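Counting from 309, one number per residue, gives the positions in the sequence shown under this note's numbering.
The beta-carbon is built from N, C-alpha and C at its ideal position, and this holds for glycine as well.
These figures come from a predicted structure and were not determined experimentally.
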Amino acid sequence: MRTDFGKKTFLYPMPVLIIGTYNEDGTPNAMNAAWGGIYNDNQICICVAESHKTTINLKARKAFTVSMADAKNIAACDYVGLVSGKEVPDKIKKAGLTAVKSSKVDAPYFEELKMTLECEMVSYDDKTEQLIGNIVNISADDSIITDGKIDPEKLQPVTYDSANHKYRVIGKAVADAFAVGKSIK
Ligand SMILES: Cc1cc2nc3c(=O)[nH]c(=O)nc-3n(C[C@H](O)[C@H](O)[C@H](O)COP(=O)(O)O)c2cc1C
């Protein structure tokens, strides 16, 4: 037996991406996005609604950052997805996040969020609301690095469980990728 859920946007795992941009006056803004992922070599694609303040900012500065939401900062990460910079211009301050200017692109990242993709906008399509960006750098705080690599057990990134409207911490490794399947070859 299987249960049909019909036309839904359920997928496991969905990311929780915090998109950082600058407003026209240079103050930082951020929003939460679950509809996104790696698109091509060194590119990211995210569905960003045309109505968002982030979209206005993207079109003006052609740059953005994408930080991984984590368990420690989950309230702030949810908050930036609940209110718009259009209504709350000091959204970042209210969220308790500390904006830092990226040295690579014209966009802020947030000190509290320990892993960030720094991106230049390639395109934004008003009809499909698809944002595509080139990843020009990935930076991570030393506190989440083990033996020179990003350590998910330290980062504690969260996934958005769209079927239950929950954030869940991404769990432990279960096998080595590009390796465990070799046993079946
Ligand atoms: C869990 C979650 C996931 C979201 N995913 C998206 C998304 O993929 N695309 C989108 O356009 N908005 C998404 N949103 C809504 C925006 O984050 C929200 O409307 C935000 O207030 C926009 O901020 P801005 O107007 O300051 O840019 C999501 C919100 C939450 C809480």
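Item	Value
Contact check, L439 vs F418, beta carbons under 9 Å	no
Close beta carbons around M322, own chain, < 7 Å, minus the five adjacent residues each side	A342, T467, Y468, S470
Closer than 8 Å: M339 CB and nearest ligand 1 heavy atom	yes
8 Å CB neighbourhood of I382 in its chain, flanking five on each side removed	V466, Y475
Bridge partners - C353, DSSP secondary structure assignment	G345, I440
Cβ contact (3+ pairs, closer than 8 Å) linking the segment 310-318 and the segment 375-393	no
Reference E358; option with closest CA among N350, K409, V477, S392	S392
Residue range of the beta strand (DSSP E) that includes Y475	474-477
Bridge partners - M309, DSSP secondary structure assignment	Answer is none; M309 lacks a bridge partner.
Within the segment 398-470, ranges of the beta strand (DSSP E) (whole runs, at least 3 residues)	407-409, 416-418, 423-433, 438-448, 466-469
Separation of K490 from T424, as counted between CA atoms	33 Å
Segment contact, 8 Å Cβ cut-off, at least three pairs: the segment 361-370 with the segment 450-460	no
Straight-line gap, N496 to N337 (C-alpha atoms, nearest Å)	Outside the displayed span of the chain (309 to 493) sits residue 496, for which this structure offers no information.
Close beta carbons around G344, own chain, < 7 Å, minus the five adjacent residues each side	P323, L325, I352, C353, I354, C355
Beta-carbon contacts of R369 that lie in its chain and below 6 Å, excluding the five residues immediately before and after	Y330, D414
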